[in-house]
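Numbering (the working numbering), first residue to last: 22 to 106.
Below you'll find the structure, written out as C-alpha cells, and then a few comments.
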C-alpha cells in the first residue's frame, strides 16, 4: 500500500486523505453505509471534536461504531492500528 493512502499511526496525525481512507476501510470492515466523507477534515479535527459533534456528522448507530473504533486507535491499541496498514 502506498504511503499516501496508509494512515499514520495515531489518528491525530492523519491528513484528510488518511481520514477518508479510515472511513472507507471502516465502512467496508463493519458493513456501514451513508458516511459523508467530506464532513470530517483532518485527523486532528476529528480527535478534537466531541462525541456529540462527531455523531451529528454520521447516520444513527453508524457514528457510534466509528467513534468507538476511533477511541481505540487514539488509545494506541496496536492490533487496531495494524488493521489499517
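Backbone N, C-alpha and C fix where the C-beta goes; we use that ideal spot for every residue, glycine too.
None of the values given here were measured: they were computed from a predicted structure.
If you measure between the beta carbons of residue i and residue j, is that distance less than 8 Å?
i          : j          : result
residue 11 : residue 46 : An answer regarding residue 11 cannot be provided, because it is not within the stretch 22 to 106 covered by the chain.
residue 61 : residue 40 : yes
residue 86 : residue 42 : no
At the level of alpha carbons, what is the spacing between residue i and residue j?
i          : j          : result
residue 74 : residue 64 : 14 Å
residue 53 : residue 34 : 24 Å
residue 93 : residue 44 : 14 Å
residue 78 : residue 31 : 21 Å
residue 58 : residue 49 : 13 Å
residue 56 : residue 91 : 15 Å
residue 24 : residue 81 : Residue placement at residue 24 is flagged as unreliable, the pLDDT there being 43, under the threshold of 50; a coordinate-derived value is accordingly withheld.
residue 36 : residue 97 : 18 Å
residue 95 : residue 68 : 8 Å
residue 76 : residue 70 : 10 Å
Please give the ranges of any alpha helix (DSSP H) in the segment 57-104, keeping only runs that are unbroken, at least 4 residues long and fully inside the region. Listed in chain order, they are 64-69, 72-77, 83-95 and 99-103.
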